[in-house]
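Engineer:
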Amino acid sequence: MKTKTFMVAALTTGLLCLMAGGAFGAEVRGVTDTEVKLACLVDFSGPGKYAGASISDAFKDYVAWVNDQGGVAGRKIELIIEDGGILPNTSLNAAKKVIMKDGVFAIPFILGSAGASAILPLCEENSVVMMPHGANKKFFDPGNKWVFVPHTVQYSMACLAVEHILQKNPKARIGMIYQDDGFGREGLEGAQAAAKFMNSQIVEAAPYKMGTIDFSPHMSTLKGANVDWIVLWTYLPQSAAVIKQKTKMGWDVKLISNNTTGVPPLFQLVGDESEGYLLVTPYAPGYMDLPGINKAKEVNKKYGNFEKQLGNPVYPDYLYLAGWGYIAAAVEGLRRAGKDLTPESYIKALEGIKDFDMGGMCPNMTFGPNRHVSSFSSLILRADAKNKRFVIEESFKEPRTPQH
Amino acid sequence: MGDKFQTSYKADMALFQTLWVKVWLGIFAASLIVCPYFLSQYQLGILNEISIAVIGALGLNLLIGYTGQISLGHGAFVAIGAYTTALTSAYWGLPFVVTLPLSGVMAALLGMIVGVPALRLKGLYLALGTLAFGFIVEYVLFHWDLIQGDMGMAVKRISIGGYEIRTERDHFYCLTAFAVLATLCSKNIIRSKIGRSFIAIRDRDIAAEAMGIPLAKYKVMAFGVSSFYAGIAGGLLAHYQKWIVPGSFDLSLSVTYIAMIVLGGLGTILGSVLGAVLITSIPHGIVYTTDLVKDTYPVLGSLIVDLKVGIFGLIVVLALLFEPQGLAGIYRRVKLYWKTWPFRY
């Protein structure tokens, strides 16, 4: 009798739990009348930890500013910053935590394309919009309903790098050193596509494994191929190592790289040897007098620690501005969705963003039903070793190479 | 009821030796059945990860703990299982009931090939050999266009007889069933002639050979069985995560599995289970702790995030320092304490 009673009680409890689950399921996760929860998955403990603080600074400042103005459509933003650790496993754990435990509405930032790929099914299953940084071309081509990229991707930047070289010298012999992973291979793919489009070719490409610091074999190979330009799809320490190797070899080869190396620590690492180093990036240098950058500085002064952040000449302002762009796009989507905020209405709202003014800090953002990447444009910066900063070599421009 | 003195071989070899064991296992099984109704999706997700880890850890313990053959390539066999499932379901459209055994078989075949050098290599040399295998697998996964390198590939959901598993709760029942099955299989392997041969090889291989145990056969078999478990764990992981990337199966995964069996207890089935529970739970425990303190003590919260890897390492070192026999050793001591209470030896 007792067993029977226990079983009935257990079954009833289970049924009630199921019903309760169904009732909660009718509501939108992470959204109430007064609040909307957003998550930012940065890296505080993995290989990308150098980016974590600056990106989260931008998110915190922007959200504090928006909340101070009353929030969006009467809702304050609750920001959850989580350590995603950039690697696929750690990113997946972080995404599970923010979606299932914290119950966020969207993830407007996740660092690393492999990590973003790993969490994609979870986002699809739970109707969570995510915005990957370091995004791969596949996130917009063919694209995914739940993924928006408010940033120019590596493919487009690599195209522009090669076009820049070939416009200066159509007969240039171009070599490439690239990281042997999704990030580097996407750079190689873009560079090859642009070279082909311009009736040229990448004459030699040398891959390296993440963490490599000795580039003497790579540089020797490229010198053997008689290249006069090297496209670097590398991170900061590797770019610095290549610059040093170039000086050591006494080789006057020209270098052009990507956005990740466009930070002040480059000058600390290689000093005067950085002179003339070019890079392609979607963000203007933080010292520039542009409305978008001035706004970011103003907000940072009020809500952040300006002296240590945007007011500090060695602070990686590029990363702050990149974070700013992501949260700005996410909040603009919330604004457009208004009171009736659901995952579907949010997607529609984001797709409705046209020429969203970023005040010159990066290309204006445009999304559409068939376009989930905000821009293909970048600018080209040149390292000014004497003044320890990057100056504009060529202003914002889209590559001519087809991007789809 | 608690009498452990057996009077027949049958009783001595019984899977569940006393009524108490059966009662406790019954209670445990009942709690597993009802717990999904009381746990959140996130907590169920952690339990699902644990179930997969249990299967992998059981396999590695059969190799290292029971046969004494070191392997630093276990993560590679998990990867082989995961990618076998992904490829056979994506390109050939095979159903889960076929892809999962295939994952195990493929990993076992490669495991037996890797096991061949084990006939001549021991200790650190064998560790290096298996490590090299892990690197080769990692390289292939990163560079094989068919599986899209480190951008990963999609894997279908588990579907059995037309029923598709979608929720964490459904996954919980399915993955727990596989973990229980794997545990029972391991227990049975150890009770069999094969298991006794494994143990004999571990304790002294020359003596085992002198007693007529063919070393080549059983060493290769140990690698095969261990890899089969890893392959099954990989196959389940692929279906559960629905997306796999090579970065998930690097050396750190192999090290994590070794940590599971060392902390749980080498050469014990219970140790594999407890180790998998502990090692999988630590990162989530740190997340829970961080969440608890971050509002009241924000500095402490960010410090925990900064020191996360260090905290994990510290827990492992402390556990090894104070309980070298692993969690299974603690369990044995507690059990002995209660059995002999109030008398202590």
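Chains as they are written, first to last, in numbering that gives the first Met the number 0: chain A, 0 to 403; chain B, 0 to 344.
From the three backbone atoms N, C-alpha and C, an ideal C-beta is built for every residue, glycine too.
(1) State the Cα-Cα distance for the pair A:Pro315 and B:Val333, rounded to the nearest angstrom.
(2) Using a 10 Å radius around the Cβ and a threshold of 16 neighbouring Cβ atoms, would you call A:Asn62 buried or exposed?
(3) Enumerate, from N- to C-terminal direction, the unbroken alpha helix (DSSP H) stretches of 4 or more residues contained entirely within the segment 69 to 114 of chain B.
(4) Measure the beta-carbon distance from A:Leu349 to A:Phe375 and round it to whole angstroms, keeping in mind my assumption that it falls under 8 Å.
(5) What three-state label does DSSP hand B:Ile164 in the structure shown?
(6) Per DSSP, A:Tyr207 is paired with what?
(7) Would you grab the beta carbon distance between B:Ala358 and B:Leu71 for me? Rounded to a whole angstrom, and I think it's under 8 Å.
(8) Give, in chain order, every residue of the segment 95 to 116 of chain A whose Cβ lies closer than 7 Å to some Cβ of chain B.
(9) For B:Leu99, which residues of its own chain have a beta-carbon under 6 Å away from its beta-carbon, when the five flanking residues on both sides are left out?
(10) At 4 residues or longer, and completely inside the segment 103 to 145 of chain A: list those alpha helix (DSSP H) runs for me, N to C.
(11) Is the beta carbon of A:Ala190 closer than 8 Å to that of A:Val279?
(12) Taking all protein chains shown into account, do 16 or more other C-beta atoms lie within 10 angstroms of the C-beta of B:Tyr345, making it buried, or fewer, making it exposed?
(13) Residues in the segment 25 to 49 of chain B with C-beta within 8 Å of chain A's C-beta atoms, listed in sequence order?
(14) Note down, in chain order, all residues in the segment 131 to 145 of chain A with a beta-carbon under 8 Å from any beta-carbon belonging to chain B.
(15) Measure from the alpha carbon of B:Ile159 to the alpha carbon of each residue in B:Asp249, B:Leu93, B:Gly114 and B:Ala81, then state which is nearest.
(16) Helix, strand or coil, according to DSSP, for B:Gly266 in the structure here?
(17) What separation, rounded to the nearest whole angstrom, lies between the Cα atoms of B:Pro116 and A:Ala193?
(18) Could you check if A:Met130 is buried or exposed, using at least 16 other CB atoms within 10 Å of its CB as the buried criterion?
(19) In chain order, what residues of the segment 171 to 195 of chain A put their CB closer than 8 Å to some CB of chain B?
(20) Check each candidate in B:Met12, B:Asn47, B:Leu62 and B:Ile329 and name the one with the smallest Cα separation from B:Arg201.
(21) Given a limit of 7 Å on CB to CB distance, which residues of the segment 34 to 50 of chain A reach chain B?
(22) Is A:Trp250 closer than 8 Å to A:Ile173 when the C-beta atoms are compared?
(23) Three Cβ pairs or more, each shorter than 8 Å: is that satisfied between the segment 298 to 318 of chain A and the segment 48 to 62 of chain A?
(24) Identify whether B:Met152 lies in helix, strand or coil by the three-state DSSP scheme.
(25) Could you tell me which uninterrupted alpha helix (DSSP H) segments, each at least 4 residues in length, are contained entirely in the segment 226 to 285 of chain B, listed from first to last along the chain?
(26) Locate the beta strand (DSSP E) running through A:Ser256, then write down its first and last residues.
(27) Taking 8 Å as the threshold, find out whether the segment 71 to 90 of chain A comes into contact with the segment 27 to 43 of chain B through three or more Cβ pairs.
(28) Just by C-beta distance, which residues in the segment 301 to 329 of chain A are closer than 9 Å to chain B?
(29) How many Å lie between B:Lys155 and A:Glu81 at the Cα?
(30) Would you identify the three-state DSSP class for A:Ala160, choosing helix, strand or coil?
(31) Helix or strand or just coil, what does DSSP make of A:Val230?
(32) Mind listing the chain A neighbours of B:Trp242? Cutoff is C-beta to C-beta under 9 Å, in chain order.
(33) Just to confirm, is the Cβ distance from A:Ile255 to A:Val230 under 8 Å?
(34) Taking all protein chains shown into account, decide if B:Ala176 is buried (16 or more other Cβ within 10 angstroms of its Cβ) or exposed.
(35) For the pair the segment 246 to 263 of chain B and the segment 74 to 91 of chain B, tell me if three or more CB-CB distances fall below 8 Å.
Structural biologist: Checking against the coordinates, here is how it stands:
(1) Translated into positions along the first sequence, residue 315 of chain A becomes position 316. Translated into positions along the second sequence, residue 333 of chain B becomes position 334. A:Pro315 and B:Val333: Cα-Cα distance of roughly 54 Å.
(2) What you label residue 62 of chain A is simply residue 63 of the first sequence in a count that begins at 1. According to the sequence as given, residue 62 of chain A is Val; it is not Asn. When all chains shown are included, A:Val62 counts as buried.
(3) 73 to 90 and 95 to 114
(4) The residue you call residue 349 of chain A lines up with position 350 of the first sequence. The residue you call residue 375 of chain A lines up with position 376 of the first sequence. Wrong, their Cβ atoms sit about 18 Å apart, outside the cutoff.
(5) The residue given as residue 164 of chain B occupies position 165 in the second sequence. It is coil, neither helix nor strand.
(6) Within the first sequence, residue 207 of chain A is the residue found at index 208, counting from 1. Note: A:Tyr207 is bridge-paired with A:Gln178 in the DSSP secondary-structure output.
(7) Residue numbering for chain B in the displayed model covers 0 to 344; residue 358 of chain B lies beyond these limits and cannot be assessed.
(8) Among the residues of the segment 95 to 116 of chain A, those with a Cβ less than 7 Å away from any Cβ of chain B are Lys95, Lys96, Met99, Lys100, Ser112, Ala113 and Ser116, in the order of the chain.
(9) The sequence position of residue 99 of chain B within the second sequence is 100, counting from 1. Gly234.
(10) 112 to 124
(11) Taking the first residue of the first sequence as 1, we reach residue 279 of chain A at position 280. Taking the first residue of the first sequence as 1, we reach residue 190 of chain A at position 191. Contact: no.
(12) What the structure shows of chain B is the stretch from 0 to 344, and residue 345 of chain B is not part of that stretch, so it cannot be assessed.
(13) Val33, Tyr36, Phe37, Ser39, Gln40, Tyr41 and Gly44
(14) Asn135 and Lys137
(15) The count along the second sequence starts at 1 and reaches residue 159 of chain B at position 160. It is B:Leu93.
(16) By 1-based counting over the second sequence, the position of residue 266 of chain B is 267. Correct three-state label for B:Gly266: coil.
(17) For the purposes of this step, residue 116 of chain B is taken as the residue at position 117 of the second sequence. For the purposes of this step, residue 193 of chain A is taken as the residue at position 194 of the first sequence. So the two alpha carbons sit approximately 48 Å from each other.
(18) Taking the first residue of the first sequence as 1, we reach residue 130 of chain A at position 131. That one is buried.
(19) Asp179, Asp180, Gly181 and Arg184
(20) Taking the first residue of the second sequence as position 1, residue 201 of chain B is located at position 202. Checked all of B:Met12, B:Asn47, B:Leu62 and B:Ile329; the closest Cα to B:Arg201 is B:Leu62.
(21) Listed in sequence order: Phe43 and Ser44.
(22) Stepping through the first sequence from its first residue, residue 173 of chain A is reached at position 174. Stepping through the first sequence from its first residue, residue 250 of chain A is reached at position 251. Against a cut-off of 8 Å, the Cβ pair of A:Trp250 and A:Ile173 comes out as no contact.
(23) yes
(24) The sequence position of residue 152 of chain B within the second sequence is 153, counting from 1. Strand, per DSSP.
(25) 250 to 263
(26) The sequence position of residue 256 of chain A within the first sequence is 257, counting from 1. Segment Lys253 to Ser256, the beta strand (DSSP E) holding A:Ser256.
(27) no
(28) none
(29) By one-based count along the second sequence, residue 155 of chain B stands at place 156. By one-based count along the first sequence, residue 81 of chain A stands at place 82. If I take the Cα positions, the gap works out to 28 Å.
(30) Taking the first residue of the first sequence as 1, we reach residue 160 of chain A at position 161. Helix.
(31) Position 231 of the first sequence, counted from the first residue, corresponds to residue 230 of chain A. Looking at A:Val230 - three-state DSSP - the assignment turns out to be strand.
(32) For the purposes of this step, residue 242 of chain B is taken as the residue at position 243 of the second sequence. Those within 9 Å of B:Trp242 in chain A are Pro87, Leu91, Ser116, Ala117, Ile118, Leu119, Pro120 and Leu121.
(33) Translated into the one-based positions of the first sequence, residue 255 of chain A becomes position 256. Translated into the one-based positions of the first sequence, residue 230 of chain A becomes position 231. Yes.
(34) For the purposes of this step, residue 176 of chain B is taken as the residue at position 177 of the second sequence. It is exposed - the Cβ of B:Ala176 has fewer than 16 other Cβ atoms within 10 Å.
(35) yes
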